[in-house]
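Numbering (our numbering), first residue to last: 7 to 250.
Structure follows, in structure tokens:
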């Protein structure tokens with residue numbers, strides 16, 4: 007039986023008394039599942055991702071990750087827990103400009119264990135950058151920089167990977183390369199939670215969760231939770247893909 011790897015109970019987030027980002031979110035994400043969070047701008051997608059990864063604090067509710075309640079966890083312990091259990095991939099690459107690709111990957115190991123350059127080299131080779139190890143970010147394309155970020159997120163072998171618009175700055179070719187890598191990670195048993203505005207990309211995942219005004223309006227894992235507008239969007243996207 008597949009276990010719940012991420013569990014959210016009545017999660018609510020206020021930024022101030024008049025600004026509610028999320029309201030009473032209840033979700034369970036299973037180990038090895040690829041879930042994609044979609045919704046209009048301002049719907050709470052990134053806020054939800056930041057809460058699940060422990061990068062932000064909730065107002066009320068409970069978040070359990072790998073059987074550990076991270077709600078209100080001491081920041082030092084939370085940082086350690088995140089290093090040992092999670093990988094983070096953002097739309098912005100957050101690479102250190104004066105370090106080359108290999109060094110940008112190995113830096114993640116400084117905060118986890120001793121540096122293993124061979125493992126970092128292997129991670130970069132996996133994402134197709136074995137020939138770009140000595141290149142600095144300014145010498146890499148946007149797609150290559152994103153793949154360095156993926157390699158960096160994988161170096162500590164996290165069970166869960168959180169992704170915020172990982173293909174948002176990429177052209178179609180590089181977007182397809184990144185999506186191919188993500189599919190491989192899911193096939194290996196990693197749990198992926200991704201935010202995107204792109205319905206075509208969302209359709210590649212196993213589960214779609216739609217947020218509207220800080221609430222879940224659609225969850226493809228719940229058959230009776232039916233959203234005809236999303237259904238129409240998905241059908242149109244599928245027709246475009248099939249026509250190509």
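Quick reminder that beta carbons are idealized off the backbone N, C-alpha and C, glycines included.
Cβ shell of residue i (< 6 Å), same chain only, five flanking positions each side left out
i           : result
residue 3   : Nothing in the structure corresponds to residue 3, since the chain is present only between 7 and 250.
residue 195 : 38
residue 143 : 101, 103, 151
residue 46  : none
Spatial neighbours of residue i in its chain, beta-carbon cut-off 7 Å, leaving aside the 5 residues before and after
i           : result
residue 94  : 59, 159, 168
residue 122 : 115
residue 150 : 135, 138
residue 7   : Its pLDDT being 48, under 50, residue 7 is placed unreliably by the model, and the measurement read from it follows with that caveat. Closer than 7 Å at Cβ, skipping near neighbours: no residue.
N- and C-terminal bounds of the beta strand (DSSP E) containing residue i
i           : result
residue 17  : 10-22
residue 133 : Note, residue 133: premise wrong, no beta strand (DSSP E); not H, not E.
residue 26  : 25-36
residue 169 : 166-170
residue 197 : 197-201
Inter-residue CB distance, residue i and residue j (contact presumed, cutoff 8 Å)
i           : j           : result
residue 101 : residue 140 : Not a contact, Cβ separation roughly 14 Å.
residue 91  : residue 164 : 6 Å
residue 42  : residue 214 : 5 Å
Start and end residues, alpha helix (DSSP H) containing residue i
i           : result
residue 221 : That residue, residue 221, is in no alpha helix (DSSP H); its beta strand (DSSP E) goes 221-225.
residue 193 : 178-193
residue 50  : Run containing residue 50: none; DSSP gives neither H nor E here.
residue 216 : Taken as a continuous stretch (DSSP letters only), residue 216 belongs to no alpha helix (DSSP H), being part of the beta strand (DSSP E) at 213-218.
residue 42  : Residue 42 -> not in any alpha helix (DSSP H); beta strand (DSSP E) instead, spanning 40-44.
residue 76  : Premise fails: residue 76 is in no alpha helix (DSSP H) and is neither H nor E.
residue 65  : Here residue 65 belongs to no alpha helix (DSSP H), and DSSP marks it neither H nor E.
Residues near residue i by beta carbon distance below 8 Å, same chain, minus five either side
i           : result
residue 97  : 170, 171, 172, 174, 175
residue 84  : 60, 76
residue 111 : 126, 129, 130, 154, 157, 158, 161
residue 237 : none
residue 235 : none
Assigned exposure category for residue i - 16 Cβ within 10 Å defines buried
i           : result
residue 138 : buried
residue 200 : buried
residue 145 : exposed
residue 252 : The chain is shown from 7 up to 250; residue 252 falls before or after that span and cannot be answered.
residue 88  : buried
residue 48  : exposed
residue 247 : Low local confidence applies: a pLDDT of 41 at residue 247 is under 50, so the model's placement there is unreliable, with the coordinate-based value given in what follows. The residue is exposed, with fewer than 16 neighbouring Cβ atoms inside 10 Å.
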